[in-house]
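Read through the structure below, which is laid out as structure tokens, and then see the notes.
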Amino acid sequence: MEKMKYAEELVREFLVFRGFTSTLQSFEKELATDIGRGFQVDKILDLIFSVYIPKFEAEKLFDLLSFFKNCFSYSDSDLIAVLAKLDQSIVRYYIVNALKCGRKDKVLEFFGCFGNDLIRRDESWNSWFAIPYLQNPHLDPQFRVYFSEEWFRSLHITIRNFLSEILNGTRTPALLKISSERDNVNHLKKEIKKLSLKLSQVQSLLEEKEALLFLSRSDSEVAKFPPNMPYESHVNSTSLMEEREPFQTRDNDQVVVSNEARDNFSDRSEENQRSETHQASVDDSAVGNSYNLQNEEDFPEVKPVFQDTFMGHTSPISCSRFSTSGDNIASSSIDGTVRIWTYDSSAPTSRNATIYCGAEVMSLEWECKSDRLLLIGTSDGGIKAWNVDAKRVVCDLTSTEAYPSILDLKCSPVEPIFVSAAASRRQGTGYVDNLGFASLTVWNMRTWKPVTVLPLGDDPPAITSLSFNHNGKLLAAAATDGMIHMFDMSAGLQVTGWPAHDSAISSILFGPDETSIFSLGTDGNIFEWSLQNQGKILWSRNCNRYCSPANSSRHQMALDANGRNLLVTSNLTTAPIYQLRGQMSGMRSLSHNGSITAVDWHPTLPIFLTGSSDHSVRVSSIK
5 MEKMKYAEEL VREFLVFRGF TSTLQSFEKE LATDIGRGFQ VDKILDLIFS
55 VYIPKFEAEK LFDLLSFFKN CFSYSDSDLI AVLAKLDQSI VRYYIVNALK
105 CGRKDKVLEF FGCFGNDLIR RDESWNSWFA IPYLQNPHLD PQFRVYFSEE
155 WFRSLHITIR NFLSEILNGT RTPALLKISS ERDNVNHLKK EIKKLSLKLS
205 QVQSLLEEKE ALLFLSRSDS EVAKFPPNMP YESHVNSTSL MEEREPFQTR
255 DNDQVVVSNE ARDNFSDRSE ENQRSETHQA SVDDSAVGNS YNLQNEEDFP
305 EVKPVFQDTF MGHTSPISCS RFSTSGDNIA SSSIDGTVRI WTYDSSAPTS
355 RNATIYCGAE VMSLEWECKS DRLLLIGTSD GGIKAWNVDA KRVVCDLTST
405 EAYPSILDLK CSPVEPIFVS AAASRRQGTG YVDNLGFASL TVWNMRTWKP
455 VTVLPLGDDP PAITSLSFNH NGKLLAAAAT DGMIHMFDMS AGLQVTGWPA
505 HDSAISSILF GPDETSIFSL GTDGNIFEWS LQNQGKILWS RNCNRYCSPA
555 NSSRHQMALD ANGRNLLVTS NLTTAPIYQL RGQMSGMRSL SHNGSITAVD
605 WHPTLPIFLT GSSDHSVRVS SIK
């Protein structure tokens with residue numbers, strides 16, 4: 005017991021030395037419970053069989069198994085042999101579980117990462133390399149025993165009994181057997197650091213560490229992956245420390261990296277791929293030195309060279325969009341009306357119209373190749389295609405009854421298709437709380453029929469915002485669990501994803517040069533993420549003065565044509581315009597009589613619009 009207390013003091017010293025105050029608080033809290041008095045076998049089993057194996061986190065599983073090998077000393081060689089057998093059985097169960105879940109790609113990825121090491125340990129692994137290519141491995145005489153429930157139950161019981169003896173019995177962790185001649189501060193700190201990094205995989209400490217990292221704008225951890233080993237992403241966790249994975253698609257049931265997707269991202273260096281612990285660095289000049297930035301309260305009000313206010317709506321504005329050419333504007337209000345108008349008095353008014361949709365309008369999208377078609381998504385599952393020249397609805401689509409809310413619509417800039425982000429409903433107190441599960445459907449704009457449903461996994465959180473890249477090959481989707489999902493549209497598959505926010509994401513946009521992506525969370529945080537060094541934050545602002553987390557409304561953002569100014573909706577009567585490039589930090593829009601609920605930029609000119617809860621839409625031209 006004295007050795008345990010001594011080790012606890014060393015852990016405290018290390019955490020204080022490194023400044024991990026939140027982790028220290030969590031550590032102290034754990035010590036006050038039974039969890040702090042000894043190893044909890046059930047927690048370890050849950051980590052293995054409920055987290056690492058079901059989520060295919062092979063590297064974390066191997067790290068945990070290595071922890072048991074490296075941090076515990078045994079005098080009995082029989083125990084070493086038992087531990088090796090259990091290690092082997094756990095790894096084989098990982099493979100069997102992946103095949104049961106239909107994830108052959110994860111088995112191939114696993115062997116690509118760890119195959120050589122497994123063969124060096126035990127030649128019996130040679131035959132296992134054939135298992136992903138067997139049509140019915142559960143019927144094969146060599147492997148069928150591993151697919152049985154009896155084998156799994158036996159494995160689970162054996163591991164429980166073994167760990168109970170090793171962790172809570174008479175055998176002591178090697179760390180607590182440090183001899184007096186090694187009892188110096190530097191060595192102890194090194195040992196404690198190793199142990200704390202391993203123990204950080206426990207969920208309670210992990211969550212505290214994530215919060216600390218996020219609040220302090222420190223580096224975010226990027227997971228390691230083997231060089232030249234293509235594999236498919238399957239990211240569902242909301243943890244900020246979740247693993248990042250490269251782009252890829254399927255080809256003849258093999259998992260291969262998509263050339264089209266690869267063209268959009270530069271290769272990572274072999275050193276970064278092989279490093280044991282990766283952290284995505286944040287550009288300190290853009291993010292860390294927030295005290296040098298101009299306060300939002302001091303943002304000067306824009307001095308427009310031209311402005312016009314449209315007062316044709318009778319209820320708060322929900323969406324407002326410039327057409328592809330910028331000549332027309334479509335604006336919608338929560339009473340279910342859409343109005344098409346022009347701000348230029350010299351432009352023809354022949355397209356001006358009022359469309360009655362019969363339900364709240366939640367999304368608007370112009371056809372990318374012309375101003376001819378406007379897509380309208382409503383809260384009753386309707387998707388209308390309005391022909392502005394014919395002034396009529398040319399197609400009236402309906403999503404499935406299970407997904408009545410059309411949260412966003414996006415047209416491909418190249419192909420005659422569009423994607424709808426629909427969501428189911430549930431009882432809640434705010435906008436996000438009322439959203440259930442997501443459905444992403446690709447529609448053909450010639451036949452007006454669904455082409456495919458993009459895969460999101462089981463019971464995926466609602467998708468709130470979509471964005472195509474310039475050639476329509478990549479689609480970004482933001483979710484209410486804080487995840488950003490990326491799809492290779494040529495293959496119709498999710499190719500990667502990463503946790504971007506601790507809160508739901510309201511809006512997402514590709515950067516102007518296609519090497520970054522912007523995300524706006526309901527917590528008021530805006531991040532610009534690098535797509536060349538995935539997980540790296542290039543630029544960041546906290547705008548919760550304007551986008552208060554306490555306000556349950558949906559927020560939007562828009563980039564100007566040059567990618568220099570980011571306009572964001574606001575709970576206040578003015579909207580912030582953040583300068584991404586330049587000496588100033590930002591500006592403020594002209595004031596409305598209500599909150600700013602919709603924003604957009606002209607596709608080519610320095611003209612922006614702001615829609616408000618005061619029923620008005622204002623167009624402002626700046627220098």
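The opening residue of the sequence shown carries number 5 in my numbering; numbering runs sequentially from there. We put the beta carbon where it would ideally sit given N, CA and C, even for glycine.
| Check | Outcome |
| --- | --- |
| Alpha carbon of L103 to alpha carbon of G486, nearest angstrom | 29 Å |
| Segment limits, alpha helix (DSSP H) that includes L122 | K108 to R125 |
| Element boundaries [alpha helix (DSSP H), containing D46] | V45 to D50 |
| Close-in-space but distant-in-sequence residues of the same chain around T382 (CB under 8 Å, 5 per side omitted) | G340, C361, G362, A363, E364, V365, M366, K388 and I410 |
| Inter-residue spacing [alpha-carbon to alpha-carbon] between S327 and D348 | 13 Å |
| Beta-carbon gap between S620 and F314 smaller than 9 Å | yes |
| Coil, strand or helix - K388 by DSSP | strand |
| For R343: DSSP bridge partner residues | S335 and T358 |
| Beta-carbon separation (whole angstroms), F412 vs L460, contact threshold 8 Å | Here residue 412 turns out to be Asp, not Phe, going by the sequence shown. Going by Cβ atoms, the distance from D412 to L460 rounds to 14 Å, so no, they are not a contact pair. |
| CA nearest to the CA of I600, picked from D517, V392, I321 and E12 | I321 |
| A483 - containing beta strand (DSSP E), residue span | L478 to A483 |
| Rounded Cβ spacing between R333 and S324 (contact assumed at less than 8 Å) | The sequence shown places Ile at residue 333, rather than the Arg named in the question. Sure, about 7 Å apart at Cβ, within 8 Å. |
| Where D618 falls: helix, strand or coil (DSSP) | coil |
| Residue of D437, E419, A85 and A442 minimising C-alpha distance to A426 | A442 |
| 8 Å contact criterion, which T451 and A466 should meet: CB distance rounded | Not quite, the Cβ-Cβ distance comes to about 27 Å (not below 8 Å), so this is no contact. |
| Other residues of its chain near V306: CB distance less than 8 Å, five sequence neighbours each side excluded | I581, M591, R592, S593, L594, S624 and I626 |
| Rounded C-alpha distance that separates L14 from I57 | 32 Å |
| Closest by C-alpha distance to C415, when choosing among N165, T468, F156 and H474 | H474 |
| Span of the beta strand (DSSP E) around G381 | L377 to T382 |
| C-alpha gap between I359 and F303, whole angstroms | 37 Å |
| Residue of I530, F514, S544 and T519 minimising C-alpha distance to N537 | T519 |
| Extent of the continuous beta strand (DSSP E) to which S128 belongs | Careful: S128 lies outside any beta strand (DSSP E) and carries neither H nor E. |
| Where V306 sits in the DSSP three-state scheme | coil |
| Integer Cβ distance of G567 from D517, believed to fall under 8 Å | 7 Å |
| D109 classed as buried or exposed, judged by whether at least 16 other C-beta atoms fall within 10 angstroms | buried |
| Sufficient close CB pairs (3 or more, under 8 Å) joining the region 88–96 to the region 154–163 | yes |
| Three-state secondary structure (DSSP) of E11 | One detail in the question is off: residue 11 reads as Ala in this sequence, not Glu. Correct three-state label for A11: helix. |
| Beta bridge counterpart(s) of R568 as assigned by DSSP | None; R568 has no bridge partner. |
| A427 - partner residues in DSSP beta bridges | S409 and A442 |
| Contact check, M449 vs L377, beta carbons under 9 Å | yes |
| Closest Cα partner of H317 within the set G330, I48, S335 and P308 | S335 |
| Any non-hydrogen atom of the ligand MG closer than 8 Å to I521 Cβ | No copy of the ligand MG appears in this structure; indeed no ligand is present at all. |
| With 16 other Cβ atoms within 10 Å as the buried cut-off, status of V457 | exposed |
| Separation of K47 from T608, as counted between CA atoms | 56 Å |
| Given E369 as reference, the closest of T353, S350, P352 and N391 once Cα atoms are compared | N391 |
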